[in-house]
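Asker:
2 protein chains.
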Amino acid sequence: MMVQLNCVFKCVKLSLTGMAKATIDDVAQLAGVSIKTVSRVVNGEPNVRPTTKSRVDEAIARLNYRPNPSARNLASHRSHRIGLVYDDPSAYEVPSAGYVIGMQQGVLSACRATNYDLLVHPCDYRDPQVETKLRSLIEQARPEGIILAAPLSNMPRLVRTIERTGTPMVRISPGKPSRKRPTVTTNDRQACAEMTRYLASLGHRRIAFITGHHGHKAVSNRFLGYQDGLRDSDLTFDESLVIAGDNSIGSGEAAAAVLLDRRRRPTAIFAANDDMAAGVVRVADRLDIDIPAELSVAGFDDIALARQIYPALTTVHQPLQEMAERAAQLLIEADRTTGPAGGTAVIPARLQIRESTGPAPR
Amino acid sequence: MMVQLNCVFKCVKLSLTGMAKATIDDVAQLAGVSIKTVSRVVNGEPNVRPTTKSRVDEAIARLNYRPNPSARNLASHRSHRIGLVYDDPSAYEVPSAGYVIGMQQGVLSACRATNYDLLVHPCDYRDPQVETKLRSLIEQARPEGIILAAPLSNMPRLVRTIERTGTPMVRISPGKPSRKRPTVTTNDRQACAEMTRYLASLGHRRIAFITGHHGHKAVSNRFLGYQDGLRDSDLTFDESLVIAGDNSIGSGEAAAAVLLDRRRRPTAIFAANDDMAAGVVRVADRLDIDIPAELSVAGFDDIALARQIYPALTTVHQPLQEMAERAAQLLIEADRTTGPAGGTAVIPARLQIRESTGPAPR
DNA sequence: GTGAAAGCGCTAACAC
DNA sequence: GTGTTAGCGCTTTCAC
Numbered sequence: 015m016m017v018q019l020n021c022v023f024k025c026v027k028l029s030l031t032g033m034a035k036a037t038i039d040d041v042a043q044l045a046g047v048s049i050k051t052v053s054r055v056v057n058g059e060p061n062v063r064p065t066t067k068s069r070v071d072e073a074i075a076r077l078n079y080r081p082n083p084s085a086r087n088l089a090s091h092r093s094h095r096i097g098l099v100y101d102d103p104s105a106y107e108v109p110s111a112g113y114v115i116g117m118q119q120g121v122l123s124a125c126r127a128t129n130y131d132l133l134v135h136p137c138d139y140r141d142p143q144v145e146t147k148l149r150s151l152i153e154q155a156r157p158e159g160i161i162l163a164a165p166l167s168n169m170p171r172l173v174r175t176i177e178r179t180g181t182p183m184v185r186i187s188p189g190k191p192s193r194k195r196p197t198v199t200t201n202d203r204q205a206c207a208e209m210t211r212y213l214a215s216l217g218h219r220r221i222a223f224i225t226g227h228h229g230h231k232a233v234s235n236r237f238l239g240y241q242d243g244l245r246d247s248d249l250t251f252d253e254s255l256v257i258a259g260d261n262s263i264g265s266g267e268a269a270a271a272v273l274l275d276r277r278r279r280p281t282a283i284f285a286a287n288d289d290m291a292a293g294v295v296r297v298a299d300r301l302d303i304d305i306p307a308e309l310s311v312a313g314f315d316d317i318a319l320a321r322q323i324y325p326a327l328t329t330v331h332q333p334l335q336e337m338a339e340r341a342a343q344l345l346i347e348a349d350r351t352t353g354p355a356g357g358t359a360v361i362p363a364r365l366q367i368r369e370s371t372g373p374a375p376r
Numbered sequence: 015m016m017v018q019l020n021c022v023f024k025c026v027k028l029s030l031t032g033m034a035k036a037t038i039d040d041v042a043q044l045a046g047v048s049i050k051t052v053s054r055v056v057n058g059e060p061n062v063r064p065t066t067k068s069r070v071d072e073a074i075a076r077l078n079y080r081p082n083p084s085a086r087n088l089a090s091h092r093s094h095r096i097g098l099v100y101d102d103p104s105a106y107e108v109p110s111a112g113y114v115i116g117m118q119q120g121v122l123s124a125c126r127a128t129n130y131d132l133l134v135h136p137c138d139y140r141d142p143q144v145e146t147k148l149r150s151l152i153e154q155a156r157p158e159g160i161i162l163a164a165p166l167s168n169m170p171r172l173v174r175t176i177e178r179t180g181t182p183m184v185r186i187s188p189g190k191p192s193r194k195r196p197t198v199t200t201n202d203r204q205a206c207a208e209m210t211r212y213l214a215s216l217g218h219r220r221i222a223f224i225t226g227h228h229g230h231k232a233v234s235n236r237f238l239g240y241q242d243g244l245r246d247s248d249l250t251f252d253e254s255l256v257i258a259g260d261n262s263i264g265s266g267e268a269a270a271a272v273l274l275d276r277r278r279r280p281t282a283i284f285a286a287n288d289d290m291a292a293g294v295v296r297v298a299d300r301l302d303i304d305i306p307a308e309l310s311v312a313g314f315d316d317i318a319l320a321r322q323i324y325p326a327l328t329t330v331h332q333p334l335q336e337m338a339e340r341a342a343q344l345l346i347e348a349d350r351t352t353g354p355a356g357g358t359a360v361i362p363a364r365l366q367i368r369e370s371t372g373p374a375p376r
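Those protein sequence lines, which keep their order, are chains L and Z.
Take the first sequence: its letters are residues 15 to 376, numbered as in the working numbering.
Take the second sequence: its letters are residues 15 to 376, numbered as in the working numbering.
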């Protein structure tokens, strides 16, 4: 009786002052069970009688009890944290920011479902000290697992630095599949082949391609897909229709300026990412070339810009969020001692047909 | 002697296997001091003899010791976490993504300097359950402080929800200064007045303004600044030169279409944010109006797009990162019992003159 | 200046 | 099914 009164008092005090949070002992006392039983209920362990469970649940609700994460982590030897490491999109560098935000959201949805915390780690790979810094960050924050985003995921030194810390890691879009290391990617190559075939099916025969930044392996695969698509459509590969870009809007503009200045210009331009495709659209606009009547343009990624520009861009939707979520799940569900199993999970991309593509001019 | 050997063994084992991390006990043993002394050294507390300190430091280095954050948090009753709450930029919605990334970087730099963790909390304010969810997240993750970003910072119910959890909070750009609650903002109004005066100084007399989303209070202040600037320049405010926008590129285009279709069109258009200004540039391009020869365009924010479009956009640089960093510092340095002091810290914005503005046509 | 002892709030390993 | 007992690796308090 006294115990009950004590608890009710604490309950009231808690709700009024918001002071000290209720602990597992408070719950155990109020429910009249041991703390171990409370622990069982909280963690959904078996072997608790339903009536006991409901008593505990009620006490939890009345005290608004939340397990203290630090105590839990300390006792269980798990940090319940996932680190997301990505290339630092220096503030305001928007396209890349969209990429990062998409990944964060994917990881967060996996984290929220399992009560993990997300630790974000932007890092600048041009910094000569990246590796030391990254290592230090990991050792201090002690994430249970690391997700390494592209293009960092294809930088061997960075990969090894993380591996040396002994922290399980899943890489996103490292450019080539891996049997040894756990990896999540999309099918850049196949999707690009598909887009190329789509353009060919519209009657285009001179389909140009603007390649991406060579340091970004996954993006390089897109060029291979373009070649596959040409072959599938019985079009011959013409090197003069390929211009090197670097993923930026500006490089797309430059490439378009070259391509569209020719007497026999291409009727379709496929850029390895949306930013470059947006550059193409801008140049076409300036040259008064109608899209899609005179020129079809396609991109890759499906960033916000793709929907915002006019005409809205036909592109390949990269399932970024799903990829990141999958990566987080792999880490969270992994065997505690062996880490996630090696191998590559592929989340397929899909064509997103909008207004910038149409039948080839005759 | 035996102790020393043990330690050396552990040291070797640690570096070879990367297995169990060194603990404070290991360090104490190796240095031949008590754990309390190690704790003093690690936390930079006074009253440690220099020679003792250096012995401890050496042991720390040899064992690559890092304090276990969970243990530290548990014992000290502090979570060492800062929560950053912002409006969820649904994946790929890029402009907003740049805003979020900028804030994250600001908070991170404060966190890294003090060994705090950043917990990111995107939340959708249109969700009828935002408040419940947010509350739950805060109670579970137990951040020591919350940073609430605009426009959420001017939503009273959200603000009160957080306050009810008893977690100290700093708001960013809530639209109006506060003496009671700690706040960080920039001087939107003054900066806009300055930009308007700058345009007037170039000879512009018909300066149009495109207002921002009405739900975003800080952005509304920009309109006031525009009016101030007109007054300062002895220009009369002309309501017909003001068009309502909603912060999107599309609304900028729509506003520009209206303004530029008139017989006596404005010679300068000042948009309350860069996205809308980019919309204006696009429409001008379509109408073959030369920027800046025939029309000057100015924006606000200085997002990446401002540098990427042609002509590069004259705009107001909003010191987002600094604002966020300051907010985090306020929380971290705050008195543990009273929280950060009320009042508004202003980080001034500055004009960023680029190519989209020039002398008024004669 | 330094150290011993007592927790922080939880989980893990066993009893019963 | 449920409870007891030891810790997890630190900080805190207070003694010396």
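Glycine residues also receive a C-beta, built at the ideal position from the N, C-alpha and C atoms.
Computed from a prediction, not measured in an experiment: that's the story for all the values here.
1. Quick one: which unbroken beta strand (DSSP E) runs of 3-plus residues sit fully inside the region 245-317 of chain Z? Chain order, please.
2. Nearest chain Z C-beta to L133/L closer than 8 angstroms, yes or no?
3. Considering only residues of the region 61-137 of chain L, which uninterrupted beta strand (DSSP E) runs meet the minimum length of 3 residues and lie entirely inside it, listed in chain order?
4. Tell me whether the region 92-103 of chain Z and the region 123-136 of chain Z touch, counting them as touching only if at least three CB pairs, one residue from each stretch, are closer than 8 angstroms.
5. Since G313/Z meets chain L, which of its residues come closer than 7 angstroms, beta carbon to beta carbon?
6. Quick one: is E208/Z buried, meaning 16 or more other Cβ sit within 10 Å of its Cβ, or exposed?
7. Assuming R92/Z contacts E158/Z (C-beta within less than 8 angstroms), just tell me the rounded distance between them.
8. Name, going along the chain, the residues of the region 149-166 of chain L whose beta-carbon falls closer than 7 angstroms to a beta-carbon of chain Z.
9. Within a Cβ cutoff of 7 angstroms, which residues of the same chain sit near R331/L, ignoring the five residues on either side of it in sequence?
10. Answer yes or no: does any C-beta atom of chain L fall closer than 8 angstroms to that of R411/Z?
11. Please confirm whether L44/Z has its beta-carbon closer than 8 angstroms to some beta-carbon of chain L.
12. Residues of the region 118-129 of chain L in Cβ contact with chain Z at a cutoff of 9 angstroms, in chain order, please.
13. Provide the residue span of the alpha helix (DSSP H) that contains I361/Z, from first to last.
14. Please report whether the beta-carbon of D299/L lies at a distance below 8 angstroms from any beta-carbon of chain Z.
15. Who are the near neighbours of V62/L in its chain, counting only those whose CB is closer than 7 angstroms to its CB and skipping five residues on each side?
16. Please go through the same chain and pick out, in chain order, the residues whose beta-carbon is closer than 8 angstroms to the beta-carbon of S310/L, but skip the five residues on each side of it.
17. Using only alpha-carbon positions, find the residue among T358/Z, G357/Z and M337/Z that is nearest to G120/Z.
18. Between N87/Z and chain L, is any beta-carbon pair separated by less than 8 angstroms?
19. I need the DSSP call for M183/L, collapsed to helix, strand or coil.
20. For P196/Z, which of helix, strand or coil comes out of DSSP?
21. My assumption, with CB atoms under 8 angstroms, is that I294/L sits in contact with A270/L. Please give the rounded CB distance.
22. With distances taken from CA atoms, which of R203/Z, M183/Z, L88/Z and M169/Z is nearest T197/Z?
23. Are the C-beta of P196/L and some C-beta of chain Z separated by less than 8 angstroms?
24. What residues from chain Z crowd round R80/L, counting only those whose CB sits closer than 8 angstroms?
25. Of all the options D288/L, A89/L, S123/L and D299/L, which has the alpha carbon lying nearest to the alpha carbon of L151/Z?
26. DSSP on D242/Z, reduced to helix/strand/coil?
27. What does the alpha-carbon distance come out to for the pair I224/Z and E72/L?
28. Is there a C-beta anywhere in chain Z that falls below 8 angstroms from the one on P373/L?
29. Buried or exposed for K231/L, going by 16 or more other Cβ atoms inside 10 Å?
30. Less than 8 angstroms between the C-beta atoms of P83/L and R86/Z, yes or no?
31. Give, in chain order, every residue of the region 315-344 of chain L whose Cβ lies closer than 9 angstroms to some Cβ of chain Z.
32. With C-beta atoms as the reference, is S265/L less than 8 angstroms away from M290/L?
33. Report the three-state DSSP secondary structure of V41/Z (helix, strand or coil).
34. Contact check, I263/Z vs Q322/L under 8 angstroms by CB: the rounded distance?
35. Could you pull the start and end residues of the beta strand (DSSP E) that L162/L belongs to?
36. Mind reading off the beta-carbon distance from A111/L to I115/Z? Whole number of angstroms is fine, and I expect it under 8 angstroms.
Answerer: Inspection of the coordinates gives the following:
1. Taking only runs of at least 3 residues, the beta strand (DSSP E) segments lying wholly in the region 245-317 of chain Z are 256-258, 282-285 and 310-312.
2. The sequence position of residue 133/L within the first sequence is 119, counting from 1. Output row for L133/L: interface = yes.
3. 95-101 and 131-137
4. yes
5. Taking the first residue of the second sequence as position 1, residue 313/Z is located at position 299. Result: empty, since nearest Cβ-Cβ is about 12 angstroms, beyond 7 angstroms.
6. Taking the second sequence and counting its residues from 1, one reaches residue 208/Z at position 194. Buried, because 16 or more other Cβ atoms sit within 10 Å of the Cβ of E208/Z.
7. Counted from its first residue, the second sequence places residue 92/Z at position 78. Counted from its first residue, the second sequence places residue 158/Z at position 144. Contact flag correct, Cβ pair sits at about 6 angstroms.
8. Look at the region 149-166 of chain L: the residues with a C-beta under 7 angstroms from a C-beta of chain Z are E153, Q154, A155 and R156.
9. Along the first sequence, read from residue 1 onward, the residue named residue 331/L stands at position 317. Looking at the sequence shown, residue 331/L is not Arg but His. Only D316, A363, R364 and Q366 meet the Cβ criterion.
10. This structure does not reach residue 411/Z, given that chain Z is present from 15 up to 376, and the question cannot be answered.
11. By 1-based counting over the second sequence, the position of residue 44/Z is 30. It does not: the Cβ of L44/Z has no partner Cβ on chain L nearer than 8 angstroms.
12. Correct list: Q118, Q119, G120, L122, R126 and N129.
13. Position 347 of the second sequence, counting from 1, holds the residue named residue 361/Z. Per DSSP, I361/Z is not a residue of any alpha helix (DSSP H), being assigned neither H nor E.
14. As a working mapping, residue 299/L is identified with position 285 in the first sequence. Answer yes: the Cβ-Cβ gap between D299/L and chain Z drops below 8 angstroms somewhere.
15. Reading the first sequence from its first residue, position 48 is the one you call residue 62/L. Close CB contacts of V62/L within its chain, under the 7 angstroms cut and outside five residues either way in sequence, are with T51, R54 and V55 (chain order).
16. As a first step, residue 310/L is located in the first sequence; it is residue number 296 there, counting from the start. Cβ neighbours of S310/L beyond the five flanking positions: L213, L216, H218, T281, A282, I283, T328, S370, T371, G372 and A374.
17. Stepping through the second sequence from its first residue, residue 120/Z is reached at position 106. Selected option, being the one with the closest Cα: M337/Z.
18. Looking up residue 87/Z in the second sequence gives position 73. Yes, N87/Z counts as interfacial toward chain L.
19. For the purposes of this step, residue 183/L is taken as residue 169 along the first sequence, with counting starting at 1. In the structure shown, M183/L sits in a strand (DSSP, three-state: E or B).
20. If you number the second sequence from 1, residue 196/Z lands on position 182. Here P196/Z sits in strand by DSSP.
21. Here the question's residue 294/L lines up with position 280 in the first sequence. Here the question's residue 270/L lines up with position 256 in the first sequence. In the sequence on display, residue 294/L carries Val and not Ile. Right, their Cβ atoms sit about 4 angstroms apart.
22. Position 183 of the second sequence, counted from the start, is the residue given in the question as residue 197/Z. Selected option, being the one with the closest Cα: M183/Z.
23. Indexing the first sequence from 1 puts residue 196/L at position 182. It does not; no Cβ of chain Z falls within 8 angstroms.
24. What you label residue 80/L is simply residue 66 of the first sequence in a count that begins at 1. In chain order: E153, Q154 and R156.
25. Against the second sequence, residue 151/Z aligns to sequence position 137. Of the candidates D288/L, A89/L, S123/L and D299/L, the one whose C-alpha sits nearest the C-alpha of L151/Z is S123/L.
26. As a position in the second sequence, residue 242/Z is number 228, starting the count at 1. Helix.
27. As a first step, residue 224/Z must be located in the second sequence, where it is residue number 210. As a first step, residue 72/L must be located in the first sequence, where it is residue number 58. Going by the C-alpha atoms only, they are around 55 angstroms apart.
28. In the first sequence, the residue the question calls residue 373/L occupies position 359. Judged by the 8 angstroms Cβ criterion, P373/L is not in contact with chain Z.
29. As a first step, residue 231/L must be located in the first sequence, where it is residue number 217. Buried is the call here.
30. The residue given as residue 83/L occupies position 69 in the first sequence. The residue given as residue 86/Z occupies position 72 in the second sequence. Against a cut-off of 8 angstroms, the Cβ pair of R86/Z and P83/L comes out as no contact.
31. Answer in chain order: D315, D316, I317, A318, L319, A320, R321, Q322, I323, Y324, L334 and Q335.
32. Taking the first residue of the first sequence as position 1, residue 265/L is located at position 251. Taking the first residue of the first sequence as position 1, residue 290/L is located at position 276. Yes.
33. Here residue 41/Z refers to the residue found at position 27 of the second sequence. Of the three classes helix, strand and coil, the one that applies to V41/Z here is helix, per DSSP.
34. On the second sequence, residue 263/Z is found 249 positions in, with the first residue counted as 1. On the first sequence, residue 322/L is found 308 positions in, with the first residue counted as 1. Confirmed, about 5 angstroms.
35. Start at 1 with the first residue of the first sequence, and residue 162/L comes out as number 148. That run of the beta strand (DSSP E) goes G159 to L162.
36. Here residue 111/L is taken as the residue at index 97 of the first sequence, counted from 1. Here residue 115/Z is taken as the residue at index 101 of the second sequence, counted from 1. At roughly 4 angstroms, the Cβ-Cβ gap stays under 8 angstroms, so A111/L and I115/Z are in contact.
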